[in-house]
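Asks: Quick one: this structure, given as structure tokens, is what I'll be asking you about.
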Amino acid sequence: MTKEKPYTPGRWVKVRLYLAAGVMASLFGMLGYRAFVLQVRESERLKNMAEDQYLENVELPPKRGRILDRNGAELAASAEVDSVHANSRALLAAGKVEEVARALAEPLRMDRRELEKKLRARRFFTWVKRRITSEEARAVRELGLPNVYLDKEPRRYYPNRGLAGPLLGWAGLDARGQEGIELEYDRWLRGARAQVAGLRDALGRSVMVGGLGDVSDVAGHDLETTIDRYVQFRLERALENGVSAHHAKAGVAVALDPRNGEVLAMASVPSLNPNEPDGALGPCAKGKAGCEERGVRNRSVTDPFEPGSTMKTFTITGALEAGVVKPADNWFCENGRYQVGPAYIHDAEKIGDATTVEVLAKSSNICTAKIAAREGRERLHDMLLRFGFGKPTGVDLPGERAGQVRSVQRMGVVETATMSFGQGLTATPLQVAAGYAAIANGGIWNRPHVMRRVVDSAGQVVLEANPPADARRVIDPELAQTVRGMLVAVTQKGGTAEKLSLPGYTFAGKTGTAQKVDPVTRHYSTEKWASSFVGFAPADDPRLVIFVMIDEPQGTHYGSMVAGPVFQDVMIDALRWLGVPPNAAMLADAKPTKPTPAVNGNANAGVHSSATVSVNDEEDGEDDSFVAAADDPRELAASEVRDFTGMSVGEALDAARRAGLRVEVMGSGTATAQSPGPGESRRGAACRVVFTPPG
167 MTKEKPYTPG
177 RWVKVRLYLA
187 AGVMASLFGM
197 LGYRAFVLQV
207 RESERLKNMA
217 EDQYLENVEL
227 PPKRGRILDR
237 NGAELAASAE
247 VDSVHANSRA
257 LLAAGKVEEV
267 ARALAEPLRM
277 DRRELEKKLR
287 ARRFFTWVKR
297 RITSEEARAV
307 RELGLPNVYL
317 DKEPRRYYPN
327 RGLAGPLLGW
337 AGLDARGQEG
347 IELEYDRWLR
357 GARAQVAGLR
367 DALGRSVMVG
377 GLGDVSDVAG
387 HDLETTIDRY
397 VQFRLERALE
407 NGVSAHHAKA
417 GVAVALDPRN
427 GEVLAMASVP
437 SLNPNEPDGA
447 LGPCAKGKAG
457 CEERGVRNRS
467 VTDPFEPGST
477 MKTFTITGAL
487 EAGVVKPADN
497 WFCENGRYQV
507 GPAYIHDAEK
517 IGDATTVEVL
527 AKSSNICTAK
537 IAAREGRERL
547 HDMLLRFGFG
557 KPTGVDLPGE
567 RAGQVRSVQR
577 MGVVETATMS
587 FGQGLTATPL
597 QVAAGYAAIA
607 NGGIWNRPHV
617 MRRVVDSAGQ
627 VVLEANPPAD
637 ARRVIDPELA
647 QTVRGMLVAV
657 TQKGGTAEKL
667 SLPGYTFAGK
677 TGTAQKVDPV
687 TRHYSTEKWA
697 SSFVGFAPAD
707 DPRLVIFVMI
717 DEPQGTHYGS
727 MVAGPVFQDV
737 MIDALRWLGV
747 PPNAAMLADA
757 KPTKPTPAVN
767 GNANAGVHSS
777 ATVSVNDEED
787 GEDDSFVAAA
797 DDPRELAASE
807 VRDFTGMSVG
817 EALDAARRAG
827 LRVEVMGSGT
837 ATAQSPGPGE
847 SRRGAACRVV
857 FTPPG
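Taking the numbering used here, the leading residue of the sequence shown gets 167, the next gets one more, and so forth.
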């Protein structure tokens, strides 16, 4: 029997085995590598792709923080309103686009064809109309249309309607600031956009949303401003009346606290209602000629103009500081006509001999030019720059212009003369007001600002103004006191503002009447003027600086007659509102000259020692929008007299406004007595409150 040999694979068999094993190993290696790529290297991308199939991120527009005045009253706020959106892909699949468009067109006041075009977009989420009225929302809700939804969105609103419109600006649909304070502090007010995750099915329909949750960490901060709502209201009303009375093209006014540069009010005419910003340009929005000139803007910072005689104060200040001129020096003003180089300078009235004080009081162009010649162009130029002209003030508002001051090299004898009385250079209203505030403040210039602090939702201060850091001394206190005294002379007998009066207060000021350059002839016009007045009170301890400019008044154009009354009307009420006591002796000697309008038509508030302030009286014929828009009607319906004892004049007026009462202010200081007494019922008639000065 033959023994079989063990099987020994041939060489090719081994090759095939090795080849098969190699192929299998390679396949498993490729599979492992692919698993590594999918599960490790690209896991995040694939995870996001998967979530996109079933998760729906609902983006929440940010809720902007409030803008408040210095006393906590709301100037801008946000409220939840309805917006309409639709699942247009589902509408297309169901063939309901035309039907839904036809149903929504009328209640939403939209064009049916435009609406149908929107709904044909193959998207799960399509905005139909955002931030609709409550009536529109109710109509949509009653229709009960499939795949049409109502969601809440924050909407910016301004409870005082047009109050401080150009100053506040407005916010757009995307909750971003567009102009004014809204734009300047947008990063603090806007907050961040939040996203809420929900589930959706294969057709894109939301099947589960977890709710909004806590979005306080992304809400905007509140902005506390320096604005005083009452002073703003009085300034706007008086400016509107001034522009209207003189059939002027425009007007601008600024109120500053000279002690720290806080802007208490800033008004422009024409104005706007920030709730309806599309009307900001009025008829110019359609491209009519002159749109840029007439459009609404915050003219206090955006519109430099030739200030005219208000600049004489700074010219004379420089000469006094240099020691080349003294207040008692005598000057001959050439009886109204004087040649400087090839040009002739004129005064509005013929003036002969005058002291330096009288040169400013009577506003002589000729003698001011003589003072500038003795002062020298270098000193004049330096003084203008020191007071902040020719460069932005740095106010925290957008669009500020720097104005123009010629370089020393371009100041010939004629240019030096004209610049000395405010022609041949430009400045913004805010620059002029800040310059006079420095004189009122003992020679210390403060940067104007509108922000006091920014506060988060927890009440923590995240940003705060620091006025001392931006203050600088421009002249010595003794010189500032001298110039203040000279400005008081402007308002007394013989001065250009002698017809203006603030019963109970001494005040300082300067008139300005500047010719405007005709853009066609490029020469000074004999018909177009910028009439201005700037002043502060009380003169011995200034608490308020007000600048007023009326642009192109018709008829009379002198600053004392056009802009001066606006200053007078506002300053009287504002000082009382701020609790600044009048001088009792001056008040007793005061004679009613010109009735001064007060809030809601009380014509005697600025003349006599008592002032009745009506806060909700519809019979006086005035527009009560300031109060009615700002307060809860339930508060205004209250008729019980509250206790005013211990309050200042401003606090009492504010408390009366909230309670819907009228207050008759007697005296100044702190409230010590009242009639009727606390808790008594009173509606309509005024509550008399007696105030006693401290000490």
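Cβ coordinates follow ideal geometry from the N, Cα and C atoms, glycine included.
From a predicted model like this one, the values you see are computed outputs, not experimental measurements.
(1) Which class does L193 belong to by DSSP, given the choice of helix, strand or coil?
(2) If I follow the unbroken alpha helix (DSSP H) through A839, where does it start and stop?
(3) Could you spell out the range, first to last residue, of the alpha helix (DSSP H) harbouring T481?
(4) Taking the beta carbon of Y324 as the centre, do at least 16 other beta carbons fall within 10 Å, making it buried, or is it exposed?
(5) Under a Cβ-count criterion, where at least 16 other Cβ atoms within 10 Å of its own Cβ denotes burial, should F399 be classed as buried or exposed?
(6) Just to confirm the assignment, what range does the beta strand (DSSP E) spanning Q505 have?
(7) Within 10 Å of its beta-carbon, does N496 have 16 or more other beta-carbons around it, so buried, or fewer, so exposed?
(8) Touch check for the stretch 420-427 and the stretch 709-727: three-plus C-beta pairs under 8 Å?
(9) Is it buried or exposed, R510, if we count other Cβ atoms within 10 angstroms and call 16 or more buried?
(10) Tell me the rounded alpha-carbon separation between V683 and Q589.
(11) Using DSSP with H/G/I as helix, E/B as strand and the rest coil, what is V807?
(12) At a cut of 8 Å, does the stretch 583-598 reach the stretch 530-547 through at least three beta carbon pairs?
(13) Using CA coordinates, which residue listed in E246, A191, V598, N632 is at the minimum distance from P470?
(14) What are the residues that DSSP puts in a beta bridge with D717?
(15) Going by CA-CA distance only, name the one from A330, G346, L329 that's closest to A337.
(16) Using the C-alpha atoms, what's the distance from A431 back to L401?
(17) Using beta carbons (cut-off 8 Å, strictly below), is I712 in contact with chain D?
(18) Just the C-alpha distance for L378 and R200, rounded to the nearest angstrom, thanks.
(19) To the nearest whole angstrom, what separates the beta carbons of G408 and A729, a pair I think is in contact under 8 Å?
(20) Have a look at V829 and L405 and give me their C-alpha separation to the nearest angstrom.
(21) Look at the alpha carbon of R403 and the alpha carbon of D739, and state the distance between them as a whole number of angstroms.
(22) How should L526 be labelled, buried or exposed, when 16 other C-beta atoms within 10 angstroms of its C-beta is the threshold for buried?
(23) Skipping 5 residues on each side, what residues in its chain have a beta carbon closer than 6 Å to that of D388?
(24) Less than 8 Å separating the beta-carbons of P332 and V462?
(25) Starting from Q398, trace the alpha helix (DSSP H) in both directions and tell me its first and last residue.
(26) Could you tell me which residues DSSP puts in a beta bridge with T679?
(27) Can you list the alpha helix (DSSP H) stretches of 4 or more residues lying completely in the stretch 611-674, in chain order?
(28) Does the beta-carbon of L204 have 16 or more other beta-carbons within 10 angstroms, so that it is buried, or is it exposed?
(29) Use the C-beta contact count for W178: other C-beta atoms within 10 angstroms, 16 or more gives buried, fewer gives exposed.
(30) Could you check where the beta strand (DSSP E) with M432 kicks off and where it finishes?
(31) Does the count of Cβ pairs from the stretch 541-550 and the stretch 558-568 closer than 8 Å reach three?
(32) Rounded C-beta distance between A271 and R278? I'm assuming under 8 Å.
(33) Could you check if V266 is buried or exposed, using at least 16 other CB atoms within 10 Å of its CB as the buried criterion?
Replies: Once the coordinates are examined:
(1) Locating residue 193 in the sequence shown gives position 27, counting from the first residue. Helix at L193.
(2) Taking the sequence shown and counting its residues from 1, one reaches residue 839 at position 673. Note, A839: premise wrong, no alpha helix (DSSP H); beta strand (DSSP E) at 836-841.
(3) For the purposes of this step, residue 481 is taken as residue 315 along the sequence shown, with counting starting at 1. Here the alpha helix (DSSP H) through T481 covers 478-488.
(4) The residue labelled residue 324 in the question sits at position 158 within the sequence shown. Classification of Y324: buried, given that the 10 Å Cβ count is 16 or more.
(5) Here the question's residue 399 lines up with position 233 in the sequence shown. It is buried - the Cβ of F399 has at least 16 other Cβ atoms within 10 Å.
(6) Residue mapping note: residue 505 aligns to position 339 of the sequence shown, counting from 1. 503-506 is the span of the beta strand (DSSP E), which, as asked, contains Q505.
(7) For the purposes of this step, residue 496 is taken as residue 330 along the sequence shown, with counting starting at 1. Classification for N496: exposed.
(8) Yes, the stretch 420-427 is in contact with the stretch 709-727.
(9) Indexing the sequence shown from 1 puts residue 510 at position 344. Correcting the residue identity first, residue 510 is Tyr in this sequence and not Arg. Its Cβ having fewer than 16 others within 10 Å, Y510 is exposed.
(10) Locating residue 683 in the sequence shown gives position 517, where the first residue counts as 1. Locating residue 589 in the sequence shown gives position 423, where the first residue counts as 1. If you take the alpha carbons of V683 and Q589, they lie about 10 Å apart.
(11) Looking up residue 807 in the sequence shown gives position 641. In this structure, V807 counts as coil in the three-state DSSP scheme.
(12) yes
(13) Walking along the sequence shown from the start, residue 470 turns up at place 304. Among E246, A191, V598, N632, the Cα nearest to that of P470 is on V598.
(14) For the purposes of this step, residue 717 is taken as residue 551 along the sequence shown, with counting starting at 1. Answer by DSSP bridge pairing, in chain order: A416, A696.
(15) Working through the sequence shown from its first residue, we reach residue 337 at position 171. Of the candidates A330, G346, L329, the one whose C-alpha sits nearest the C-alpha of A337 is G346.
(16) Along the sequence shown, read from residue 1 onward, the residue named residue 401 stands at position 235. Along the sequence shown, read from residue 1 onward, the residue named residue 431 stands at position 265. Roughly 7 Å separates the two Cα atoms.
(17) Checking the listed chains, one finds no chain D in this structure; it contains a single protein chain.
(18) In the sequence shown, residue 378 corresponds to position 212, counting from 1. In the sequence shown, residue 200 corresponds to position 34, counting from 1. Only weak support exists for where L378 lies, its pLDDT of 42 falling under 50; the coordinates are left without a value.
(19) In the sequence shown, residue 408 corresponds to position 242, counting from 1. In the sequence shown, residue 729 corresponds to position 563, counting from 1. With 8 Å as the limit, G408 and A729 qualify as a contact, their Cβ atoms being about 7 Å apart.
(20) Start at 1 with the first residue of the sequence shown, and residue 829 comes out as number 663. Start at 1 with the first residue of the sequence shown, and residue 405 comes out as number 239. Going by the C-alpha atoms only, they are around 25 Å apart.
(21) Position 237 of the sequence shown, counted from the start, is the residue given in the question as residue 403. Position 573 of the sequence shown, counted from the start, is the residue given in the question as residue 739. C-alpha separation (whole angstroms): 12 Å.
(22) If you number the sequence shown from 1, residue 526 lands on position 360. L526 comes out buried.
(23) Stepping through the sequence shown from its first residue, residue 388 is reached at position 222. Once the five neighbours on either side are set aside, the close Cβ partners of D388 are G231, R232, V621.
(24) The sequence position of residue 332 within the sequence shown is 166, counting from 1. The sequence position of residue 462 within the sequence shown is 296, counting from 1. Yes.
(25) To locate residue 398, count along the sequence shown from 1; it is residue 232. Q398 -> alpha helix (DSSP H) spans 395-411.
(26) Residue mapping note: residue 679 aligns to position 513 of the sequence shown, counting from 1. DSSP lists S697 as partners of T679.
(27) 643-656
(28) Locating residue 204 in the sequence shown gives position 38, counting from the first residue. Classification for L204: exposed.
(29) As a position in the sequence shown, residue 178 is number 12, starting the count at 1. Looking at its Cβ environment, which holds fewer than 16 other Cβ atoms inside 10 Å, W178 is exposed.
(30) As a working mapping, residue 432 is identified with position 266 in the sequence shown. That run of the beta strand (DSSP E) goes 428-435.
(31) No: fewer than three Cβ pairs fall under 8 Å.
(32) As a working mapping, residue 271 is identified with position 105 in the sequence shown. As a working mapping, residue 278 is identified with position 112 in the sequence shown. So it is a contact: roughly 4 Å between Cβ atoms.
(33) By 1-based counting over the sequence shown, the position of residue 266 is 100. Under this definition V266 is a buried residue.
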